[in-house]
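Novice:
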Amino acid sequence: MNPWLERPSLWGSVHARVIVALADDLNPHLRPRYQAEVEEYVYVATLDSDELLGKPDITIHKVSEAKAVYSPVSPTPIVVEIPQREEIRHRWLEVRDVSSGEVVTVIEVLSPINKRPGEGRAKYEQKRNNVLASSAHFVEIDLLRGYEPLPIRWRTQRRHSDYRLLVSRVGNRPLSDLYPFNVREPIPRFPLPLREGDSEPIIDLGAILSSLYERANYDLTIDYNVEPDPPLTLEDAAWAKEILKLKA
């Protein structure tokens with residue numbers, strides 16, 4: 083995983099492109115029984131001002147920057163901010179049975195709004211719980227080091243990781259497959275769960291991100307002289323510095 087892609091001002095672009103790239107990569111392998119399609123719903127939530135800057139899936143409404151003029155006899159007010167209700171667009175993938183239209187698998191790619199404590203995370207967790215209570219498989223892709231990961235119950239000693247891929251098959255719940263990995267490790271490949279007996283395509287996120295990076299010209303957008311956001315540990319920063327030297 084390239085940690086510079088996690089920068090809040092860039093992640094909106096990365097998130098949108100990953101969703102579409104996943105659908106485009108999967109659909110040739112899903113024919114003729116299944117189809118992967120991008121889905122979206124819109125809701126309104128109250129966000130802090132720092133959540134609005136460069137965050138994906140948020141429509142920001144511009145307000146006037148004109149300063150108020152006060153009478154000289156009036157006391158000087160303290161400037162405060164009133165929480166604003168903002169429109170949030172949540173996008174995900176659904177793999178559907180072509181003949182019946184039934185949702186077979188739901189694929190989520192997390193954004194900061196899904197992980198950061200607050201109304202956005204609460205709404206996502208509610209949706210997540212609804213999918214896990216349904217008859218659909220569930221895939222959750224977390225490529226963000228920031229904020230607390232979404233909840234799972236560990237059956238072994240808890241393992242810290244920078245990123246996580248969760249695959250929850252209907253027939254195995256509450257047990258699920260977790261693929262944890264760190265910034266210095268390759269992104270694991272994993273099978274997309276479908277109906278029993280059907281061939282399951284392998285999702286190679288590493289290859290998808292590499293191709294996306296080239297098509298989007300992110301090398302022209304990213305300043306590798308600036309520390310990633312969130313910052314790397316000292317050990318990971320040293321590793322990244324050596325990688326950048328090799329690519330120079």
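In this note's numbering, each residue's number is its place in the sequence shown (first place is 1) plus 82.
Built from N, CA and C at the ideal position, the CB exists for glycine as well.
All of these numbers come straight from a predicted model, not from anything done at the bench.
Buried or exposed: where does Lys-137 fall if 16 or more other Cβ atoms within 10 Å of its Cβ makes it buried?
Specialist: Only weak support is given to the placement of Lys-137: the predicted model assigns it a pLDDT of 45, under 50, and the question is left unresolved by the model.
Novice: The beta strand (DSSP E) that contains Pro-80, what's its start and end?
Specialist: Given that the chain is displayed from residue 83 to residue 330, the structure contains no residue 80 and the question cannot be resolved.
Novice: Take the Cβ of Ile-223 as the centre, count every other Cβ of all protein chains shown within 10 Å, and call the residue buried at 16 or more, exposed below.
Specialist: buried
Novice: So Glu-222 is in the beta strand (DSSP E); what residue range does that whole segment cover?
Specialist: Glu-222 -> beta strand (DSSP E) spans 219-224.
Novice: Count the other CB atoms within 10 Å of the CB of Asp-106; is the residue buried (16 or more) or exposed (fewer)?
Specialist: exposed
Novice: For Leu-226, count neighbouring Cβ atoms within 10 angstroms of its own Cβ and tell me buried if that reaches 16, exposed if not.
Specialist: With 16 or more Cβ atoms within 10 Å of its Cβ, Leu-226 is classed as buried.
Novice: Curious, which full-length beta strand (DSSP E) runs of at least 3 residues does the segment 258-315 contain?
Specialist: 259-263
Novice: Skipping 5 residues on each side, what residues in its chain have a beta carbon closer than 6 Å to that of Pro-312?
Specialist: Arg-227 and Gly-228
Novice: Can you tell me where the beta strand (DSSP E) holding Glu-168 begins and where it ends?
Specialist: 166-179
Novice: On the DSSP letters alone, give me the boundaries of the alpha helix (DSSP H) that Tyr-229 sits inside.
Specialist: Element bounds for Tyr-229: n/a, residue is neither H nor E.
Novice: Using 8 Å as the cut-off, can you tell me whether the segment 88-101 makes contact with the segment 182-201, which would need three or more C-beta pairs spanning the two stretches below that distance?
Specialist: The way I'd put it, the segment 88-101 does touch the segment 182-201; three or more beta-carbon pairs between them come closer than 8 Å.
Novice: For Val-213, report the span of its alpha helix (DSSP H) as first-last.
Specialist: It spans 201-214 - the alpha helix (DSSP H) in which Val-213 sits, taken as one unbroken run.
Novice: Classify Leu-326 as helix, strand or coil using the three-state DSSP reduction.
Specialist: helix
Novice: Considering only C-alpha positions, which residue in the set Val-252, Asn-212 and Tyr-206 is nearest to Leu-232?
Specialist: The shortest C-alpha separation from Leu-232 is found at Tyr-206.
Novice: Please state the DSSP three-state secondary structure of Ile-163.
Specialist: Note on identity: in this sequence residue 163 is Glu, with Ile being the wrong assignment. The answer is coil: DSSP assigns Glu-163 none of H, G, I, E or B.
Novice: Rounded to whole angstroms, how far is the Cβ of Tyr-261 from the Cβ of Pro-270, which I believe are closer than 8 Å?
Specialist: 4 Å
Novice: Select from Asp-305, Ala-98, Leu-108 and Lys-329 the residue whose C-alpha is nearest the C-alpha of Arg-173.
Specialist: Ranking Asp-305, Ala-98, Leu-108 and Lys-329 by Cα distance to Arg-173 puts Ala-98 first.
Novice: In whole angstroms, what separates the C-alpha of His-143 from that of Pro-165?
Specialist: Confidence at His-143 is low in this model, with a pLDDT of 43, below 50, so its placement is unreliable and the value that follows should be read with caution. In this model, His-143 and Pro-165 are separated by some 13 Å (Cα to Cα).
Novice: May I ask which residues mark the beginning and end of the alpha helix (DSSP H) holding Asn-196?
Specialist: 194-197
Novice: Is the beta carbon of Ala-218 closer than 8 Å to that of Val-249?
Specialist: no
Novice: Can you tell me which of Val-102, Asn-84, Arg-115 and Ile-101 puts its alpha carbon nearest to the alpha carbon of Ser-282?
Specialist: Reading the sequence as shown, one finds Glu at residue 282 and not Ser. Nearest of Val-102, Asn-84, Arg-115 and Ile-101 to Glu-282, Cα basis: Arg-115.
Novice: Spatial neighbours of Pro-273 within its chain, please: CB distance less than 8 Å, with the 5 preceding and 5 following residues excluded, ordered by chain position.
Specialist: Excluding positions up to five away in sequence, the list reads Val-249, Glu-282, Pro-283, Ile-284 and Ile-285.
Novice: Might you give, ordered along the chain, the residues of its own chain that have their beta carbon closer than 6 Å to the beta carbon of Leu-87, omitting 5 neighbours on each side?
Specialist: Closer than 6 Å at the Cβ level, and outside the excluded window around Leu-87, lie Val-96.
Novice: What number of angstroms, rounded off, separates the C-alpha of Val-188 from the C-alpha of Trp-236?
Specialist: C-alpha separation (whole angstroms): 22 Å.
Novice: Please classify Glu-122: does DSSP put it in a helix, a strand, or coil?
Specialist: strand
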